[in-house]
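Have a look at the structure below, then the notes.
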Amino acid sequence: MAPTKVLELVEHYRRNREAFRSSAYKETRLRIEFIDPFFEALGWDISNAAGYAEAYKDVVHEDTIHIGGSAKAPDYAFRIGGVRKFFVETKVPLIDIANNQASAFQLRRYGWNAKLPISILTNFEEFAVYDCRIQPKLGEKASKSRPLYFTYDEYPDRWEEIASVFSREAILRGSFDKYAQDATRKGTAQVDSAFLAEIENWRLALATDLAAKNGALGVRDLNDAVQRTIDRIIFLRIAEDRGFEPYGSLKALGTGKGVYDRLKRIFLNADARYNSGLFHFNRSDGDSDTLDLVTLNLLISDKVLSTIFSKLYYPESPYEFSILPADILGQVYERFLGNEIVLSGKKASVEEKPEVRKAGGVYYTPTAIVRHIVKSALAPHFEGRSTAQVSGQDGRAKDAAPVTVLDPACGSGSFLIEAYQYILDWYLIAYVSEGVDKYAKGRNPRLYEVSQGKWRLTIAEKRRILISHIYGVDVDNQAVEVTKLSLLMKVLEGERADALAAQMSLFNVRALPDLGKNIRCGNSLVSTDIYAQPSFSSELVDEIKVNPFNWKSFIAYSTKGRKFDIIIGNPPYVLLQDDNRQPAVREYIAEKYKVAEFKIDLFHVFIERGIQLLSARGILSYIVPSNFLTNNYAIALRSLLSSTGNLKSIINIKGRVFAGASVDTCVFHFDAAKRRKFITFSEGRITSLGLSVSREVDVSLANIVSDERRLLVPATTGEADVLAAMDRRGVPLSTLAYVNFGKQLRNSKLFPGDIRQISGDVAPRSYAKCYAGRNINRFQVQWDGLACLTDRVAQSGGCWDDDRQNGKPKILCRQIGAFPTVAIDELGYQCLNTMFMISPIDSESTYFLAGILNSPLISLYWSKRFKDDRETFPKIKGTYLKMLPVLEYDANNAQHLIVANTVRAIVQATSEVSRTVAGHNRNRLMQKLNALESTLTEGVAQLYGLTRQKIEKLLER
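Here the sequence shown is numbered in numbering that gives the first Met the number 0, starting from 0 and rising by one per residue.
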């Protein structure tokens, strides 16, 4: 455990991390506040308290070395008896040490020229050790020659590892020199985008070579051969680092001729050793789905394979394969699967898959989300039950069967890997709890003792658990292969080579299961009955792409006809249209699924399919876009989920979930075994500790079902009453006013003159004064000198209608905002595409309508019906704006006149406040403005038939 001082440093940094990562925080302060005390905790005399002469100081600050004829100064040189042992170079926390090439090159160059074996680069948040014996080159990755890397939150747990090498005592004992001279050290960088780029290069090289040397190979066989070859190489390289294969076996193949012939012999040996579908070349052994009769007969150039092998070992490879988690491998592969090999003659290229391009990319589900879904979905079927019940071996139960987990769109297998780990952990705890003597003896033991009192599941038991409980389907065969690979790596995770060999010999089993029957390739949404559809024709439909799946036989094998107990995942978010649509498939889905209406989004259909596949006690939980909770075209889906009372909870995820995608998401939990009168809504946020859930609200199912739109929003009973009252008295805004988006001009980078800043009060010829969204505040719009082209040659979108653009008075609504914010334009200036123009049909109603739209009641309505949950730049959508329930103006109604006149007074007061800087007069105006706002709120509430008392507490929230 780390010393108290280090623990305090870590906690201090964690609490104030944002401040330390600001540009104002300087390196000098970092050294004083963190680096100095950190190394003092390692026994170094940083301040020379012992009073040694300069030549014998422990630590020299900014020690001078000479590189290329000029003097350089590393931040620290740590010495024993005046002899340098290592440098420490510091950077501010704002610098990303993990990926910053310049910083890594700088430190490595210092160490190289000073002939030091290793040195350290740190900003306290990150700690990186570099092997300085290898000459650095500009442009090399920051991970090159980096045998050790971790972050500040790992210091407490890894302190002994740090102290055993870099403490003053360790150097005196010789531990440092032993570490520095370790010639067999391997890389430690995590698998990341760099590894993705690496295997992408392998794919292109293999594809190009295979296409050139194997002319009869079709594009599908080519994709399959490349995928299998890469999978096998990665598996074997991981097996080397874990001790299951002789270290350096692949590297040794890279010398000499006949590389692929020798590699094939390793593949065949792996088939005999592991029994995995990954190596399945024998017709009489294993599942037919995994049988490979192609790749062993292909030709691959020695140079291509030798180059790949050279990239798998330190120092060229910075990766530590022995600790490579299965889910991290999946994260890399998830993006790898977004591309495919395309053939043009004998020339191969790699292109993005059409469905991925349509979806805007491949997005891996964050581990925090995966773990939350897995735990919440699996726990009810595992916790509090016996191993006999879970495994389906309870003789007292009728039709006993194992608990089954399915991901119907498994991708690279992230949900199944996590579910498998959950079940492994559960069985280990349960077996130990039920008595180790019962499970560690006999012909087929399920436990073995690693050390005194420490137990592990046998390899045979891990195989049984995987085969009995885990199932997956994906339309992409490459994804299926990756899921299998990841699950196989999970079987071997944590196993020692000697223990594995002993079990295989003792129990006469091979290490790995064949997953061909558990992880299947097929279209979860389209069953084989599509062949009987009149419009289905092999000439018109790409059968291989559609890939119909036989659910009947799969369910018969996997669940013995009971369907699945747990269904989890992250289904694709793709509209079934354009190049994603085949008429026969669309017709089939529209006929088979209730939710397939106007816009068929695949995730809607996956939800219905999931419900269809659930057992009577089943649980369904997905992460999906949250737009279905309120979108008009998802009414059928909301009805399906809410009509039975089985929808247990919805968690709206705050913030961005997928890197590079701004889609808002939620996690829902559907329990077929239990009916409820309430749905629990909450907010979730991804933190370093997982998914944090807060702000739970129970919403009456009766309130949801009573609304024909079946909106799934977290409105309490009181809030629902208010919204219902507004719906009863109001009419859609679109019936009383024209709602138009502002004008969009051409790309500003290509046509910077389309919008310009002008001086003076007169717009140039062919230009008109205009507003941008930033000019709009509550009841106030201020022109700031913008003018835009009126010539339609610049038209690129939005509304260009002169009556709308030049009309006055009109209401302006800013596009960016958590709820509508409006102002009134009395000048008839034009509007850009960062706002909406609301042009009342009855111009006399302008102030009245503006008062309604700016009222807290409309803000409440918006937040419960249409709110965009994005934390950065939430947007108002015109479709929803038109649906707001507003009131029709009656000039003869005294209450209507009060509201309109109050708005006029607020506009005036707001203008006066903006012109008054400070002092008593501003305070007086603010009091007046607040009083007017209160009058407006109460007046609007009365028009909707609500009292202020009724809405007061709701508005406070």
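We put the CB at the ideal spot given by N, CA and C, even for glycine.
Identify which residue in the options has its Cα closest to the Cα of residue i.
i, options, result
"Leu486", "Gln226, Lys177, Phe234 and Gln180", "Phe234"
"Asn651", "Thr558, Arg675 and Ile622", "Ile622"
"Lys957", "Met925, Leu722 and Ile810", "Not covered by the structure: residue 957. The range shown for the chain is 0 to 956."
"Leu831", "Glu607, Leu744 and Leu252", "Leu744"
"Ala531", "Glu417, Ile469, Glu586 and Glu460", "Glu586"
"Thr934", "Ser557, Ile851 and Val666", "Ile851"
"Ala672", "Phe381, Asp564 and Leu295", "Asp564"
"Ile810", "Arg803, Phe750, Asp801 and Ile823", "Ile823"
"Trp425", "Glu448, Lys461 and Ala396", "Lys461"
"Gln829", "Lys742, Thr878 and Leu859", "Lys742"
"Gly960", "Ser523, Ala793, Ser343 and Arg227", "The shown model of the chain, from 0 to 956, leaves out residue 960, and the question about it has no answer."
"Asn517", "Ile588, Gly255, Thr715 and Leu405", "Leu405"
Give a single yes or no on whether residue i has its beta carbon closer than 7 Å to a heavy atom of the ligand ADP.
i, result
"Val662", "The ligand ADP is absent from the structure shown, which contains no ligand whatsoever."
Quick check: what's the CA-CA separation for residue i versus residue j?
i, j, result
"Leu6", "Pro155", "7 Å"
"Arg947", "Leu856", "11 Å"
"Ser641", "Ser844", "39 Å"
"Val164", "Asn569", "44 Å"
"Gly452", "Gly493", "17 Å"
"Tyr888", "Phe847", "7 Å"
"Asp291", "Ser705", "57 Å"
"Leu216", "Ala206", "11 Å"
"Ile198", "Val481", "13 Å"
"Gly827", "Gly759", "17 Å"
"Gly560", "Ser552", "9 Å"
"Asp513", "Arg463", "11 Å"
"Gln134", "Gln100", "14 Å"
"Leu711", "Phe677", "12 Å"
"Gln420", "Gly617", "20 Å"
"Asp230", "Phe335", "12 Å"
"Pro407", "Tyr109", "53 Å"
"Thr833", "Phe750", "18 Å"
"Ala238", "Glu244", "6 Å"
"Ile567", "Ile372", "7 Å"
What are the boundary residues of the alpha helix (DSSP H) that includes residue i?
i, result
"Thr936", "His919 to Leu942"
"Pro36", "Asp35 to Glu39"
"Pro855", "Pro855 to Arg864"
"Asn268", "Val258 to Tyr273"
"Met725", "Thr716 to Arg728"
"Ala736", "Not the alpha helix (DSSP H): Ala736 falls in the beta strand (DSSP E), residues Ala736 to Phe740."
Spatial neighbours of residue i within its chain, please: CB distance less than 6 Å, with the 5 preceding and 5 following residues excluded, ordered by chain position.
i, result
"Val906", "Phe778"
"Tyr55", "Gly81"
"Asp250", "For the record, residue 250 in the displayed sequence is Lys; it is not Asp. So the qualifying residues of the chain are Phe308 and Tyr312."
"Glu596", "Ala635"
"Asn476", "Cys520"
"Leu427", "Leu456"
Check the C-beta distance from residue i over to residue j and give it rounded, since I have them as a contact under 8 Å.
i, j, result
"Arg132", "Pro116", "6 Å"
"Ala736", "Ser838", "6 Å"
"Ala940", "Val902", "With a Cβ gap of about 15 Å, Ala940 and Val902 do not count as contacting."
"Lys647", "Asp670", "5 Å"
"Ala347", "Thr386", "Contact flag wrong, Cβ pair sits at about 50 Å."
First and last residue of the beta strand (DSSP E) that includes residue i?
i, result
"Thr679", "Phe677 to Thr686"
"His668", "Thr664 to Asp670"
"Lys453", "Lys453 to Leu456"
"Asn651", "Leu646 to Lys653"
"Phe689", "Here residue 689 is Gly; the residue named in the question, Phe, does not match the sequence. First-last of the beta strand (DSSP E) with Gly689: Gly689 to Ser699."
"Tyr770", "Tyr766 to Tyr770"
"Ile823", "Val821 to Asp824"
If you drop the 5 nearest sequence neighbours on each side, which residues of the same chain put their C-beta closer than 8 Å to that of residue i?
i, result
"Ile754", "Leu744, Ser747, Cys769, Leu785, Ala786, Cys787, Leu788 and Leu831"
"Arg791", "Trp799"
"Asp35", "Ile45 and Ser46"
Got a sec: is the Cβ-Cβ distance from residue i to anything in chain D below 8 Å?
i, result
"Ile428", "Absent here is chain D; the protein component of the structure consists of one chain."
Give every residue of the same chain whose Cβ lies closer than 7 Å to the Cβ of residue i, excluding the five residues on either side of it in the sequence, and list them in chain order.
i, result
"Ile633", "Ile is not the amino acid found at residue 633; the sequence shown has Ala there. Around Ala633: His603 and Phe627."
"Ala211", "Lys345"
"Val738", "Leu732, Phe835, Ile837, Gly877, Leu880 and Lys881"
"Thr4", "Here residue 4 turns out to be Lys, not Thr, going by the sequence shown. Taken in chain order, the residues that qualify are Pro36 and Ala40."
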